[in-house]
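**Student:**
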Amino acid sequence: MSSRGYKIVLTADRTLMSDYSTLFDGMVSASQTDTVPAFILKTILAPAPAVGPDKKVLKAPLGLRRIEAALSRHGFKRKEIGIFRESELDFAVGEDTAIVAVSSGDPAGLGMNSSTMEALYGGTIHNKHFFRQLLAKISSLKKNGLKFKTVVGGPGAWQLLGDKEFEADHIICGYCEGNVSGLFKDIIHHRAAKELEGRNPEPGEIPHILGPSSMGVVETSRGCGMGCAFCTLKDTPMIHLPESTILADIEANISGGNRNIALISEDFFRYGSASFAVPAPEKLIDLLTEIRSKTRTKLIQTDHVNIATAGAYSDNELKEVASLIGGSHERDYIWLNLGIETPSERLLKENRAGGKMLLPEGKNWEAFSLEQIKRLSGFGFFPLISVIIGLPGETEEDALCLERFIDKLKDAKASVFPLYYTAIENKSKTGINPAKKKIYGRIMKKSYSLNFKWVPKMYWENQNLAGVNKARMLMLQFMGKGQRLIMKY
Ligand code: SF4
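Sequential numbering from 6 applies to the sequence shown in the working numbering.
#1: Is D272 near the ligand SF4, going by C-beta to nearest heavy atom under 8 Å?
#2: Who are the near neighbours of A51 in its chain, counting only those whose CB is closer than 8 Å to its CB and skipping five residues on each side?
#3: Is it buried or exposed, F483, if we count other Cβ atoms within 10 angstroms and call 16 or more buried?
#4: How many angstroms separate the CA atom of V157 from the CA atom of A267?
#5: Determine the extent of the alpha helix (DSSP H) in which A315 is found, giving its start and end residues.
#6: Is F457 close to chain C? Criterion is C-beta to C-beta, closer than 9 Å.
#7: State the CB to CB distance for the pair I429 and F235, rounded to an integer number of angstroms; the pair is presumed to be in contact (CB under 8 Å).
#8: E200 by DSSP, collapsed to three states: which one?
#9: Going by DSSP, which residues form a beta bridge with P160?
#10: Who pairs with P242 in a beta bridge, going by DSSP?
#11: Cutting at 6 Å between CB atoms, please list the residues of its own chain near M231, excluding the five before and the five after it.
#12: Using 10 angstroms around the beta-carbon of G10, count the other beta-carbons present and answer buried if the total reaches 16, otherwise exposed.
#13: Can you tell which of H334, E346, P42, E408 has its C-alpha closest to the C-alpha of P397?
#14: So the candidates are F281, M243, Y180, S280; which of them puts its Cα closest to the Cα of G68?
#15: Could you tell me which whole alpha helix (DSSP H) segments of length 4 or greater appear in the segment 32-61?
#16: So is K64 buried or exposed if we call it buried at 16+ other beta carbons inside 10 Å?
#17: Could you please give me the residues that DSSP links to L343 through a beta bridge?
#18: So, helix, strand or coil for G187, using DSSP?
#19: Look up A106 in the DSSP assignment and say whether it is helix, strand or coil.
#20: The ligand SF4 and E355: does any heavy atom of the ligand fall closer than 8 Å to the residue's C-beta?
#21: How would you label P439, buried or exposed, when you count the other beta carbons within 10 angstroms and need 16 or more for buried?
#22: According to DSSP, V421 sits in a beta bridge with which residue or residues?
#23: Does the count of Cβ pairs from the segment 378-386 and the segment 315-332 closer than 8 Å reach three?
#24: Nearer than 8 Å: is that true of the beta carbon of A428 relative to any heavy atom of the ligand SF4?
#25: Could you tell me which uninterrupted beta strand (DSSP E) segments, each at least 3 residues in length, are contained entirely in the segment 113-168, listed from first to last along the chain?
#26: Could you tell me the boundaries of the alpha helix (DSSP H) in which I448 lies?
#27: Would the C-beta of P309 count as close to the ligand SF4, meaning under 8 Å from any of its heavy atoms?
#28: Cβ atoms of D254 and E466: under 9 Å apart, would you say?
#29: Report the rounded CA-to-CA distance for H131 versus T38, giving the unit in angstroms.
#30: Between E346 and the ligand SF4, is there a pair consisting of the residue's CB and a ligand heavy atom that are separated by less than 8 Å?
#31: Could you give the C-beta distance for A89 and T16, rounded to a whole number, given that I count them as a contact under 8 Å?
#32: So, are the CB atoms of C233 and N356 less than 9 Å apart?
#33: With a threshold of 8 Å (Cβ to nearest heavy atom), would K239 be considered close to the ligand SF4?
#34: Three-state secondary structure (DSSP) at E224?
#35: Relative to the ligand SF4, is the shortest distance from any of its heavy atoms to the C-beta of M231 smaller than 8 Å?
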């Protein structure tokens with residue numbers, strides 16, 4: 006332990022804090038269950054983040070970077086705050102420490118991805134173990150007579166509400182840069198409730214990050230607000246970050262030695278639009294042009310895109326976006342995560358997700374989705390399609406309809422990740438309906454046969470452009486083949 010410790014210590018578990026080269030590396034690591042030994046995860050899939058001479062991490066999850074920046078801007082001195090790995094907490098936490106704040110992604114393993122991986126591979130998702138292990142470590146520091154408070158926040162905090170076994174003093178739910186300084190002061194002065202609500206700041210008030218983020222993650226927009234019943238962002242309206250903030254966050258990465266950027270949003274193609282119904286392709290093209298002309302960014306990665314927004318872009322606009330993302334490289338596998346959820350319009354509407362089906366006159370959701378997947382892959386994008394099995398109200402015919410939808414993708418350059426439904430409200434995992442078990446098995450089998458054909462190619466292109474060494478790339482490809490053999494389907 007340092008002599009008196011940092012006043013505010015920020016941390017996260019190994020799966021969130023690791024130094025991944027690409028977004029997909031992070032996804033692979035977060036998808037492992039304890040059928041993969043923890044030492045393989047720690048040594049190969051989730052390498053420890055590098056630390057500086059002051060023992061702080063050199064790259065940190067974007068959420069922690071934002072909290073660090075918000076606290077530094079409002080009432081705390083920068084030297085009082087530090088972001089540390091679990092292994093450095095003995096050093097960072099001391100008599101002066103008032104708060105140890107932990108970011109969480111999927112702390113109870115309730116995310117749909119976790120439930121699905123447990124069904125596919127057996128065992129319990131590693132995220133859950135690592136998170137509990139981190140909290141146990143923090144509790145053990147308290148036993149040394151230290152008086153700090155433990156605070157948990159981040160996108161997975163909702164999973165811990167009402168959990169009596171969970172050992173933290175406070176939980177903050179939602180984006181909180183707008184009031185985190187005030188909440189931390191209330192916590193320090195013992196006047197805060199256990200469960201606290203964060204305040205999302207206005208876009209112009211989102212503080213620029215002060216150092217590089219893990220995987221070079223930079224937000225372009227946050228929230229969504231489309232109302233889908235199965236999504237935690239259903240009631241959080243989308244806001245777009247000003248170009249100046251995005252460029253400043255990229256610069257913070259580049260000056261910290263990180264030239265590979267991941268532009269993150271719940272709908273990348275909606276950037277700059279005032280409404281979902283009217284996307285503004287010129288704003289996204291302008292942003293990407295600025296990034297390419299004013300920064301020394303190498304690889305650009307993207308994540309989520311809505312089918313309807315993609316459909317509103319002309320062919321020329323899609324080509325231009327792909328070319329700006331590619332920069333000096335011709336790309337075949339620009340990853341786009343498309344949430345189709347189900348080809349059944351009725352089922353989507355019953356789950357309050359009808360808002361995302363903004364369809365042109367005379368089109369149906371399934372045909373429109375297939376058309377957009379084909380268009381996107383033709384322009385160098387790689388659609389990574391997520392579908393949900395077991396949605397409330399799903400009939401046997403809906404499940405068969407999903408199977409037929411996957412059959413129609415068999416020649417497409419795309420991948421499909423089926424997720425088992427988990428209810429957000431009562432935090433329960435849904436049991437698999439025995440009558441549909443065989444259909445679900447076929448859906449998984451067909452999806453993963455497509456995935457094992459294309460995902461290694463996408464992974465190779467992304468890692469190559471990210472500068473990962475060839476030996477590591479080959480080893481990960483080999484491990485991917487091994488995972489196919491232990492799948493239950
Ligand atoms: S469109 Fe996607 S991100 Fe938005 S509420 Fe629905 S599932 Fe969530």
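All residues carry an ideal CB built from backbone N, CA and C; glycine is no exception. Being a predicted model, the structure only gives us computed values, none of them experimental.
**Tutor:** According to the structure shown:
#1: yes
#2: R19, T20, S23, Y25, S34
#3: exposed
#4: 25 Å
#5: 312-317
#6: Annotation note: the requested chain C is absent from the structure, which comprises a single protein chain.
#7: 7 Å
#8: strand
#9: Answer by DSSP bridge pairing: none, since P160 is not bridged.
#10: C229
#11: G360, K361
#12: buried
#13: E346
#14: Y180
#15: none
#16: buried
#17: V310, I390
#18: helix
#19: strand
#20: no
#21: exposed
#22: I390
#23: yes
#24: no
#25: 154-158
#26: 442-471
#27: The sequence given here places His at residue 309; Pro does not occur at that position. Checking every heavy atom of the ligand SF4 against the Cβ of H309, one is found closer than 8 Å.
#28: no
#29: 5 Å
#30: yes
#31: At residue 89 the sequence reads Phe, which differs from the Ala that was named. Confirmed, Cβ separation roughly 5 Å.
#32: yes
#33: yes
#34: strand
#35: yes
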